[in-house]
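J.: Using mature numbering (1 follows the signal peptide of the UniProt record, and there is no 0), the letters of the sequence shown map in sequence onto residues -18 to -1, 1 to 281. One structure, as structure tokens, below. Some questions next.
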Amino acid sequence: GLPSVVLLLHHRFSLCEGNLCCISDILYETMTDQQLDCALDLMRRLPPQKIEKNLSDLIDLVPNLCEDLLSSVDQPLKIARDKKVGKDYLLCDYNRDGDSYRSPWTNTYDPPLEDGAIPSERLRKLEIEANAAFDLYREMYFEGGVSSVYLWDLENGFAGVILIKKAGDGSKKIKGCWDSIHVVEVGEKSSGRTAHYKLTSTSMLWLQTHRSGSGTMNLGGSLTRQVEHDFPVSESSPHIANIGRMVEDMENKIRNTLNEIYFSKTRDIVHGLRSTRTLEDEKAQEEFRKELLGYLQTK
């Protein structure tokens, strides 16, 4: 609110020892932070299938937030094809270098890029194994779609992103899409026997049905969750297994939460707006309820 902003300005100004230019800088910082918070809150409430358009419109309104918005707002994943092996892969900021994107299947950039960033030899081997593992995971859970895993080196470990996209074909008069973005940071301990895992997951879902009897209905939303764990690292419990368990558990929790928030609440609202039973049936049920209650009270 305004009083907190005034107190903040007063405090900062006293530290500036009368430097008047600090006031404008502090005010600009405060307003920018508030604008960013409002923009991110707005994006969380808008339909996932229109994120790109809404994000573009928002950047046009507040150009100075462009970089912050692009780095903070998860967008629906796009699909590209590696022509060398004939396999699809997913595009995101984590496999982009300039205007080129790296394929997890061949470790090459498209369009070609000579000095593009690639993981170390050890990490590339792990990346290949992770892509194979999550390809099976995707097929078991989603029965189709596309998945990609990208890893990169850190000073004391490594980080990676697991991407999954499943789009409905509309064959059952239902269109929709599921996008999962799992960013994991792995801090390897000096002993090499344990590691610290930090997982940040975002899932975006939207559905659209169109039937002659009920018309068109749009349903969509997104959730972001974070979790941290320490796990032992060994041949029987390698990094991929540890990350896989975390991703599987997180997706199940997000899926259940989406089901409770969006589907259950939507069903309750629809049932409250429209009943399939006639008014006569409702009256008959109410009379029977009163009659039964009166009978029980006399006993």
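In this text, a Cβ means the ideal position worked out from N, Cα and C, and glycines have one as well.
What are the boundary residues of the alpha helix (DSSP H) that includes E262?
T.: Locating residue 262 in the sequence shown gives position 280, where the first residue counts as 1. Element bounds for E262: L261 to T280.
J.: Helix, strand or coil for I156, going by three-state DSSP, please let me know.
T.: The count along the sequence shown starts at 1 and reaches residue 156 at position 174. In this structure, I156 counts as strand in the three-state DSSP scheme.
J.: State the start and end residues of the unbroken alpha helix (DSSP H) segment that holds Y244.
T.: In the sequence shown, residue 244 corresponds to position 262, counting from 1. From DSSP, Y244 is part of no alpha helix (DSSP H); its letter is neither H nor E.
J.: By how many angstroms is the C-alpha of F270 removed from the C-alpha of L52?
T.: Here residue 52 refers to the residue found at position 70 when the sequence shown is read from its first residue. Here residue 270 refers to the residue found at position 288 when the sequence shown is read from its first residue. Looking at the two C-alpha atoms, the distance is approximately 60 angstroms.
J.: Going by beta-carbon coordinates alone, are D92 and A62 separated by less than 8 angstroms?
T.: As a first step, residue 92 is located in the sequence shown; it is residue number 110 there, counting from the start. As a first step, residue 62 is located in the sequence shown; it is residue number 80 there, counting from the start. Against a cut-off of 8 angstroms, the Cβ pair of A62 and D92 comes out as a contact.
J.: How is S218 classed by DSSP in three states: helix, strand or coil?
T.: As a working mapping, residue 218 is identified with position 236 in the sequence shown. Residue state, collapsed to three classes: coil.
J.: In terms of residues, what are the limits of the beta strand (DSSP E) holding K148?
T.: The sequence position of residue 148 within the sequence shown is 166, counting from 1. Start and end: G139 to A149.
J.: Just the Cα atoms here: how many angstroms apart are A112 and T260?
T.: In the sequence shown, counting from the first residue as 1, residue 112 sits at position 130. In the sequence shown, counting from the first residue as 1, residue 260 sits at position 278. Taking the straight line from one Cα to the other gives about 56 angstroms.
J.: Kindly indicate which residue of M186, E96, L181 and D56 has the alpha-carbon position closest to the one of A149.
T.: Residue numbering aside, residue 149 sits at position 167 when the sequence shown is read from its first letter. That would be M186, whose Cα lies nearest to the Cα of A149.
J.: Quick check: D135 and L105, are their CB atoms within less than 8 angstroms of each other?
T.: In the sequence shown, residue 135 corresponds to position 153, counting from 1. In the sequence shown, residue 105 corresponds to position 123, counting from 1. Yes.
J.: When you compare each of G68, Y277 and L205 to V128 by their alpha carbons, which one comes out closest?
T.: Along the sequence shown, one-based indexing puts residue 128 at 146. Checking every option, the nearest Cα to that of V128 belongs to G68.
J.: To the nearest angstrom, how far is it from the Cα of S85 to the Cα of Y76?
T.: As a position in the sequence shown, residue 85 is number 103, starting the count at 1. As a position in the sequence shown, residue 76 is number 94, starting the count at 1. Whole-angstrom Cα-Cα distance: 11 angstroms.
J.: Does DSSP put I100 in a helix, in a strand, or in coil?
T.: Looking up residue 100 in the sequence shown gives position 118. I100: coil per DSSP, three-state reduction.
J.: Once the 5 residues before and after Q17 are set aside, which same chain residues still bring their CB inside 7 angstroms of it?
T.: Along the sequence shown, read from residue 1 onward, the residue named residue 17 stands at position 35. Contacts found: V44 and L47.
J.: For R193, which beta-bridge partners are listed by DSSP?
T.: The residue given as residue 193 occupies position 211 in the sequence shown. R193 is bridged to G197.
J.: If you count every other CB in all the chains shown that lies within 10 Å of the CB of E214, and 16 or more means buried, which is it?
T.: Along the sequence shown, one-based indexing puts residue 214 at 232. Glu is not the amino acid found at residue 214; the sequence shown has Pro there. It is exposed - the Cβ of P214 has fewer than 16 other Cβ atoms within 10 Å.
J.: Please report how far the alpha carbon of S183 lies from the alpha carbon of S194, in whole angstroms.
T.: Your numbering for residue 183 matches position 201 in the sequence shown. Your numbering for residue 194 matches position 212 in the sequence shown. C-alpha separation (whole angstroms): 37 angstroms.
J.: Among the candidates S162, D263 and E137, whose CA atom is the shortest distance from the CA of L240?
T.: In the sequence shown, counting from the first residue as 1, residue 240 sits at position 258. For the residues S162, D263 and E137, the minimum Cα distance to L240 belongs to S162.
J.: With DSSP as the reference, identify every bridge partner of E167, one or two as the case may be.
T.: Taking the first residue of the sequence shown as 1, we reach residue 167 at position 185. The partner list for E167 (beta bridge, DSSP) reads A141 and K180.
J.: With C-beta atoms as the reference, is G174 less than 8 angstroms away from N138?
T.: Within the sequence shown, numbered from 1, the residue matching residue 174 stands at position 192. Within the sequence shown, numbered from 1, the residue matching residue 138 stands at position 156. Taking 8 angstroms as the Cβ cut-off, G174 and N138 do not qualify as a contacting pair.
J.: Is the beta carbon of Q31 less than 8 angstroms from the beta carbon of G202?
T.: Taking the first residue of the sequence shown as position 1, residue 31 is located at position 49. Taking the first residue of the sequence shown as position 1, residue 202 is located at position 220. The answer is yes: Cβ separation under 8 angstroms.
J.: Closer than 6 angstroms by C-beta to residue 301: which residues in its own chain qualify, once you throw out the five before and the five after it? Chain order, please.
T.: With the chain covering -18 to 281 only, the question about residue 301 has no answer from this structure.
J.: Around the Cβ of K147, are there at least 16 other Cβ atoms within 10 angstroms (buried) or fewer (exposed)?
T.: Here residue 147 is taken as the residue at index 165 of the sequence shown, counted from 1. Per the 10 Å Cβ criterion, buried.
J.: Which residues share a DSSP beta bridge with H253?
T.: Position 271 of the sequence shown, counting from 1, holds the residue named residue 253. BP columns for H253 are empty, so no partner.
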